[in-house]
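Structure first, commentary second.
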């Protein structure tokens, strides 16, 4: 890609997550942002900000998309533990399950609401699966737990973890920012440190994404969503996969609309 900006759109309840998927099956991805579905040309398909009413939140923290039933259309997870179809209509509502349960993201349910697993970890953030093990933020310490919920490792100071094939060897690594936001750390599956890559420190980095942005890349590229020191400007910074010396080349920097993060 040439990394040129195609369009911009102001979204009041932006939140922390943008998810891309071909919701309508037309061969082009749509973007699920905040409580809105945006097509590939920047046109809003629908908006459901009223779903935030009664949740105590001004934005959603996570917007998963999944084919929950298998072989069917993708469904979207909306505020208040609701399942939405591609037209933004509420198909299932699990709000009665309790705010603490949903906020903790520690309950695994089927698409119809049957509880499959329950792990009682206090202050649990959104889990991230790595080699079949979920990675969870528990207070200020990030833990790696096995499917039964037993803690197998603790990594203090881990921020915005992501999983991807960082170096192109066919094996996924765990990639995260250290507590100071001054270095990206890459862990192999055996827990050894593969690389520590300095980055320019930021007061708050709200997201780290890893993925193949370029077809000719040896490994995955990195995308940092970061805020300026005064929280006035959000910036998206794209870095290339590392060279033989572990250095990252900048591919693009995009300044977003000036706004407050919350």
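Numbering (our numbering), first residue to last: 113 to 374. For glycine and all other residues, C-beta sits at the position ideal for the given N, C-alpha and C.
As the crow flies, the alpha-carbon of residue 118 is around 13 Å from that of residue 150. For the pair residue 278 and residue 284, the Cα-to-Cα distance works out to about 7 Å. With fewer than 16 other CB atoms across the displayed protein chains lying within 10 angstroms of its CB, residue 262 is exposed.
For residue 190, the enclosing beta strand (DSSP E) stretches over residues 187–190. Here DSSP, grouped into helix, strand and coil, assigns residue 291 to coil. According to the DSSP assignment, residue 119 belongs to no beta strand (DSSP E), since it is labelled neither H nor E. In chain order, 295, 297 place their CB closer than 7 Å to the CB of residue 308, counting only its own chain and leaving out the 5 sequence neighbours on each side. The bridge partners DSSP lists for residue 195 are 189, 204.
If you draw a straight line from the Cα of residue 183 to the Cα of residue 137, it is about 13 Å long. 178 is the residue among 178, 159, 173 whose C-alpha sits nearest the C-alpha of residue 132.
Here residue 270 has 254, 288 as same chain residues with Cβ atoms under 6 Å from its own Cβ, once five neighbours each way along the sequence are excluded.
Using a 10 angstroms sphere on the CB of residue 301, the tally of other CB atoms stays under 16, which defines it as exposed. Collapsing the DSSP output to three states places residue 164 in a helix.
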